[in-house]
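Worksheet: the structure to be examined is printed underneath.
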């Protein structure tokens with residue numbers, strides 16, 4: 057089966073989303089994912105995208121589970137599912153400890169809480185007389201415990217972009233997915249996020265990808281992902297430098313700490329021709345690992361609004377299935 061290609065709007069930009077979703081739909085993308093962060097609501101954004109499109113799938117990638125009681129999330133998701141004509145998927149996450157602190161929310165231990173949350177969603181939908189077809193539930197995962205839990209209890213697993221690190225992927229994530237899916241009648245869907253940066257100027261494309269990696273690698277919660285990898289020291293240098301700046305350094309200032317080899321392993325970045333070729337190679341690699349969907353994540357760290365929009369447009373134009381054939 058051909059791997060599905062999708063686009064995630066990992067950006068605070070709001071007004072351009074409808075047009076970008078229409079471009080993704082015209083390019084033959086399988087799905088558009090919306091994100092959540094401070095001052096950003098993934099469910100509202102998914103509804104806006106659904107209203108602007110006709111055929112493309114729409115999903116949250118992700119909505120924070122801890123910000124909404126399961127019954128409230130179930131109601132919102134059911135409404136988007138109905139208004140989108142059955143095109144919606146609900147992706148949820150426990151977030152990082154830092155994000156939960158921002159919201160003043162408690163959600164420990166995360167994996168059992170996500171499992172219980174998914175069960176509560178299904179219970180609510182079963183009692184909804186107006187919902188003919190409940191949306192599938194996806195859970196985000198990066199560490200083995202959450203990957204195993206998501207594979208066991210949800211319809212699909214959303215793998216964080218850092219899960220593309222091959223040591224972490226092969227030694228921790230994939231065995232956890234297999235263990236979680238062992239008792240299922242059918243394997244879960246598995247969507248792999250991939251930081252994607254496309255520009256006619258190869259250097260600029262890679263610079264934006266480095267800044268995005270700096271944002272992720274500065275996060276203490278992600279330190280375990282780098283452990284035992286070839287870029288463990290890189291992640292340590294980024295975290296230490298960011299901490300020494302009193303957490304005020306710009307991501308673009310930290311980007312030079314990230315070598316080419318790490319950019320190559322964890323991102324798709326370069327000119328349109330380079331990214332197209334590398335995406336095909338990545339698909340071939342992931343296809344035999346149980347990954348069913350490759351999700352191109354736009355860069356957004358220390359990137360202007362115009363560059364975010366241009367990158368999303370380039371992803372659709374260069375990596376839409378028509379362009380890949």
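In this note's numbering, the protein residues as written are 57 to 381.
Beta carbons: idealized from backbone N, C-alpha and C, even for Gly.
The structure displayed is predicted, hence computed values, not measured ones.
Can you have a look at residue i and say buried or exposed, based on whether 16 or more other CB atoms are within 10 angstroms of its CB?
i, result
"residue 137", "buried"
"residue 437", "The question about residue 437 has no answer here: the residues shown for the chain are numbered 57 through 381."
"residue 63", "buried"
"residue 341", "exposed"
"residue 336", "exposed"
"residue 268", "buried"
"residue 61", "buried"
"residue 14", "Since the first and last residues shown for the chain are 57 and 381, residue 14 lies out of range."
"residue 92", "buried"
"residue 58", "exposed"
"residue 255", "buried"
"residue 303", "exposed"
"residue 349", "buried"
"residue 177", "buried"
"residue 259", "exposed"
"residue 94", "exposed"
"residue 180", "buried"
"residue 376", "buried"
"residue 75", "exposed"
"residue 371", "buried"
"residue 362", "exposed"
"residue 245", "buried"
"residue 378", "exposed"
Return yes when the Cβ of residue j is within less than 8 Å of the Cβ of residue i, no when it is not.
i, j, result
"residue 273", "residue 294", "yes"
"residue 386", "residue 275", "Nothing can be reported for residue 386, as the shown portion of the chain is limited to 57 through 381."
"residue 195", "residue 213", "yes"
"residue 230", "residue 216", "no"
"residue 109", "residue 69", "no"
"residue 223", "residue 285", "yes"
"residue 48", "residue 328", "One cannot answer for residue 48 here, as it falls past the ends of the chain, which runs 57 to 381."
"residue 88", "residue 77", "yes"
"residue 131", "residue 353", "no"
"residue 150", "residue 166", "yes"
"residue 282", "residue 291", "yes"
"residue 90", "residue 123", "no"
"residue 101", "residue 73", "yes"
"residue 207", "residue 351", "no"
"residue 318", "residue 310", "no"
"residue 218", "residue 120", "no"
"residue 270", "residue 307", "yes"
So who's on the other strand from residue i, going by DSSP bridges?
i, result
"residue 89", "64, 115"
"residue 326", "254"
"residue 310", "DSSP lists no partner for residue 310."
"residue 149", "120"
"residue 143", "Answer is none; residue 143 lacks a bridge partner."
"residue 96", "93"
Name the residue from the options whose alpha carbon lies nearest to the alpha carbon of residue i.
i, options, result
"residue 239", "263, 253, 205", "205"
"residue 118", "135, 107, 139, 144", "144"
"residue 141", "181, 188, 159", "188"
"residue 172", "186, 305, 210", "210"
"residue 184", "133, 280, 170, 309", "133"
"residue 202", "180, 169, 181, 251", "169"
"residue 242", "233, 264, 301", "233"
"residue 288", "314, 307, 237", "314"
"residue 367", "156, 301, 106, 325", "325"
"residue 344", "96, 226, 156, 84", "226"
"residue 257", "251, 265, 250", "265"
> If you scan the region 208-290 from start to end, which runs of the beta strand (DSSP E) of 3 or more residues do you find wholly inside it?
Replying inline: 212-215, 245-254
> Which whole runs of the beta strand (DSSP E) in the region 328-376 are 3 residues long or more, in chain order?
Replying inline: 349-354
> Whole alpha helix (DSSP H) runs in the region 167-213 with 4 or more residues, listed along the chain?
Replying inline: Uninterrupted alpha helix (DSSP H) stretches at least 4 residues long and entirely within the region 167-213 occur at 200-209, given in chain order.
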